[in-house]
Amino acid sequence: MQQILDQVIFRAGENTVTVQNLLLAIVILSAARILSYLLSKTLKGRFQRRGVDIGRQFAIITAIKYVLYTISVLWSIQALGFKLSYVWTGAAALLVGVGLGLQQTFMDWISGIVILMEGTVSVGDIVVVDGTVARVRYIGIRTSKVETRDSVVIIIPNSKLVVNNVVNFSNNNEPSRFQIPVGVSYKSDVQLVTKILLQAAEEQKEVLDMPPPSVHFTDFGNSALEFVLHIYCREFFRIERIKSEIRYRIVELFRQHGVEIPFPQRDLWLRNPESVVKVSRSARYKQDDE
2 MQQILDQVIF RAGENTVTVQ NLLLAIVILS AARILSYLLS KTLKGRFQRR GVDIGRQFAI
62 ITAIKYVLYT ISVLWSIQAL GFKLSYVWTG AAALLVGVGL GLQQTFMDWI SGIVILMEGT
122 VSVGDIVVVD GTVARVRYIG IRTSKVETRD SVVIIIPNSK LVVNNVVNFS NNNEPSRFQI
182 PVGVSYKSDV QLVTKILLQA AEEQKEVLDM PPPSVHFTDF GNSALEFVLH IYCREFFRIE
242 RIKSEIRYRI VELFRQHGVE IPFPQRDLWL RNPESVVKVS RSARYKQDDE
């Protein structure tokens, strides 16, 4: 049995890897995987009892997993008979590679660690990245996954979440305010319009009562009196659907009360109207002759 364990699998320079070394490395990695699973399960139970949010749970558990896996890999390398000094030499070579062309990848790794440690972006958060509203589904060491309102999963590098400006609705303890611009005819009763807009907002159950909805008369437009309906809501991910339902209700109430939604109008001035009349008559005569 010992002869089998001492059998050499391969040699790498001065290092000799035997069956025993390989089995020991496999045991270490397997034990690390089992320990990672048990720790994750135990920590999740404790976090849930203490009311820790899901995003923070994911960040802490992921960070612990990475530390555990890093230690187990280094230990496995040592168990195979390789000196860790070779690992540091390889790390130095990697840093040279970073300087030559892996800056972005290295930045993504560092950004992933920063995100997991700081918790500025967590799993389940509603964020705006490059103008797209999405929910964070997964945060990895190099990339993260977000899901848009159209159920499209986008994989983005972590550096984009750290370097760029990212709006995180979930970090805001207060409800966010959203706007719905509305234009009505100059003939409209502004008090009636204000009342209708508030009614449409108050009938929507997702709109908060506190702070209450409000209406601002913002401007005298070219063809309309311009209003803005302000609403407060916590349903960030579904806000476009909520605003759409409010618009439907506004149109319905406007029609019930005879409030007109205007369209752009332009006055046309002719410098030489006689020439236009002549051209029109000439075209009509030609048509009659045909």
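The C-terminal residue of the sequence shown carries number 291 in the numbering used here, and the numbering is unbroken. Note that beta-carbon positions come from the ideal geometry of N, C-alpha and C, so glycine has one too.
- Straight-line spacing of the CA atoms in residue 186 and residue 220 works out to 13 angstroms.
- Shortest Cα-Cα distance from residue 201 to any of 246, 176, 155 involves 246.
- Counting every other CB atom within 10 Å of its CB across the protein chains shown gives residue 244 a total of 16 or more, marking it as buried.
- Looking at the DSSP output, residue 212 shares a beta bridge with no other residue.
- Residue 116 is positioned such that its CB atom lies closer than 8 angstroms to that of residue 162.
- As for any beta strand (DSSP E) of minimum length 3 sitting wholly inside the stretch 133 to 185, the runs are 133 to 140, 144 to 149, 154 to 158, 177 to 185, ordered along the chain.
- The C-alpha of residue 138 is placed about 9 angstroms away from the C-alpha of residue 154.
- At the C-beta level, residue 171 and residue 159 stay beyond 8 angstroms of one another.
- Judged by DSSP in its simplified three-state form, residue 74 adopts helix.
- Exclusion of the five residues before and after residue 133 leaves 149 as the residues of its chain whose Cβ lies within less than 7 angstroms of its Cβ.
- In the DSSP assignment, residue 252 falls outside any beta strand (DSSP E) and lies within the alpha helix (DSSP H) extending over 240 to 258.
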